[in-house]
Every structure is written in C-alpha cells, then in structure tokens.
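Residue numbers (my numbering): 557 to 687. Beta carbons are placed, not taken as given, at the ideal position from N, Cα and C, and that holds for glycine. One structure is given below, encoded as structure tokens.
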C-alpha cells in the first residue's frame, strides 16, 4: 500500500466513523444541531444575523434515505456519499455557522479578494495573533 493509499484509507474510515470505536454514551449529533439551530434563531431574533432564505435541512426519512427540505417546503432525495453511524447527521456547513462579517469590520481588519477578514499585523486589538 502506498502512502497515498494509506492516507485515503484512513480518511475514508474516519469519515465513516470506523477509525475508532463509537461511544454509545456520546450525545447524538441531532442534539447538538438542535442547540445550534436554537442559537441561530436567537441571533436572528436579536437582529445580529440574517435568516438564510435558501437554507436547506437534511433529514433521514422513514425509508432510511436522506432528503433535503428546502425553504419553499419541497423535499428532494439527496445521495449520501457513504454511510455514517446512526448517531451522526449529514448537515450543510452553512446551517451550522453564521457569518458575523455582515457587520462593518473594525479598522484593524483588511479584506482580500475573497472578502475574508484577516487580522492586520498592526492590529492592537488582537496582539495574541501576532508572531
């Protein structure tokens, strides 16, 4: 087995939850996702972030298949690339993070062409980020 094949094999097993034994006492991902959703709703109600009108929610149907529920109420089957443990959930990255970059950044921030805020070396507000 080449190093590249070994790396691919390890990553595949990790993504399928087969790299280490699963702890039955671990909280299911669905509980964490509920807390994230509640926190997002709170931030939306406080006006700190905007609701994503295109957000989709992924769920497992009674038939065991995965579906996307869209903002307009429609659903569509989603092809999961591989099986994951029952306590894991498929989720779109956009549904578990929020971008506080919607607000005007401090003067210590600079933008690159991807509109990603970075800390400027002269920043006095974030000295821990300096080398």
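Asked, Found
"Tell me whether the beta-carbon of residue 569 lies closer than 8 Å to the beta-carbon of residue 575.", "yes"
"Distance, Cα to Cα, residue 642 vs residue 610?", "27 Å"
"For residue 592, which residues of its own chain have a beta-carbon under 6 Å away from its beta-carbon, when the five flanking residues on both sides are left out?", "652"
"With distance defined between alpha-carbon atoms, name the residue in 633, 628, 607 and 599 nearest to residue 618.", "633"
"Which residues mark the beginning and the end of the alpha helix (DSSP H) in which residue 563 is found?", "559–571"
"Just grab the DSSP bridge partners of residue 614 for me.", "624"
"Can you give the Cα-Cα distance for residue 697 and residue 625, rounded to whole angstroms?", "No information on residue 697 is available, as it lies outside the stretch 557 to 687 that the chain covers here."
"Whole angstroms are fine: how far does the CA of residue 622 sit from the CA of residue 615?", "6 Å"
"Can you tell me the Cα-Cα spacing of residue 606 and residue 558, whole angstroms?", "47 Å"
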